[in-house]
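See below for the structure under consideration.
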Amino acid sequence: SKELHNPVWSELKRIPVELFLNPAMDTRFRALLSNNKLTVITTTVAFTLKTEFHVFDIDNNTWSEIPVDLYSNAFSALPNGSIYAMAGPNISQHFYISQNNGKTWDKRNSPNWMHQPVFRNSNEGYCIRIENVPLVDPEKLTNSLWKTTNGGKSWSKIGDIPNQSATLVLLDSVGELLLMTSNGKSF
């Protein structure tokens, strides 16, 4: 159809950003779509980490601004529409879930040095944890794979994984997890 070949875009909202001489300090953007709400997340690194959620309610055609008091560079959405994040410095970070687009957060248990998890559903999730952080020899880095079956309230170690920087990706179409390492290997 003609609509698919010539999409029409319109501006919904202009969100101010902070730019600095050092691009590493500029405002970063991410977007999540869940439960008919588009959440645009802005994070300014600058001298303090400032995060705001700009939430567009598609059904009501309204915007709301929510300042977020979590130290995190990663936010994701669960299938039930909740937003989650690993927040805090690595040595004392926790897993947080918000069921109201970031207005309040439920702090849950998690192992330190855990990467942002991926979830198959609202309860079953997986993450990579750094077991050993070598100060001098990067070859001594050790990682492990962890699992939750209760939405992040508790986690259990499944086993060790290749000792390289790694990322977990959920392949929604087949329901499988893909483990990618920094040297290009996949498992």
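Sequential numbering of the sequence shown, starting at 53, is according to the working numbering. Every residue, glycine too, gets a C-beta built ideally from N, C-alpha and C.
Just list the beta strand (DSSP E) runs in the segment 162-205, keeping only unbroken ones of 3 residues or longer that don't cross its boundaries, in chain order.
-> 177-184, 194-200
Specify whether the segment 173-182 and the segment 103-121 touch according to this definition: at least 3 beta carbon pairs, one from each stretch, less than 8 angstroms apart.
-> Too few Cβ pairs lie closer than 8 angstroms, so no.
CB residue 204 to CB residue 162, shorter than 9 angstroms?
-> yes
According to DSSP, is residue 67 helix, strand or coil?
-> coil
Considering only residues of the same chain and omitting the five flanking positions on each side of residue 158, which have a CB-CB separation below 8 angstroms?
-> 148, 149, 150, 151
Measuring CA to CA, which of 154, 146, 64, 107 is closest to residue 160?
-> Nearest C-alpha to residue 160: 146.
Three-state class that DSSP yields for residue 144 in the structure shown = In the displayed model, residue 144 falls within a helix according to three-state DSSP.
What does a CB cutoff of less than 6 angstroms around residue 131 pick up in its chain, not counting 5 residues either side in sequence?
-> In chain order, 173, 174 place their CB closer than 6 angstroms to the CB of residue 131, counting only its own chain and leaving out the 5 sequence neighbours on each side.
Out of 226, 178, 169, 135, state which residue places its alpha-carbon closest to the alpha-carbon of residue 85.
-> 135
Residue range of the beta strand (DSSP E) that includes residue 218 | 218-223
What first and last residue would you give for the beta strand (DSSP E) that runs through residue 120?
-> 114-120
Tell me whether residue 85 sits in a helix, a strand or coil according to DSSP, three-state version.
-> Reduced to three states, the DSSP call for residue 85 is strand.
Residue 224 versus residue 230: straight-line alpha-carbon distance, rounded | Those two C-alpha atoms are separated by around 11 angstroms.
C-alpha gap between residue 17 and residue 139, whole angstroms | No answer is possible for residue 17: it lies beyond the span of the chain, which begins at 53 and ends at 239.
Beta-carbon proximity list for residue 89, same chain, < 8 angstroms, skipping 5 on both sides = 107, 108, 109, 110, 133, 153
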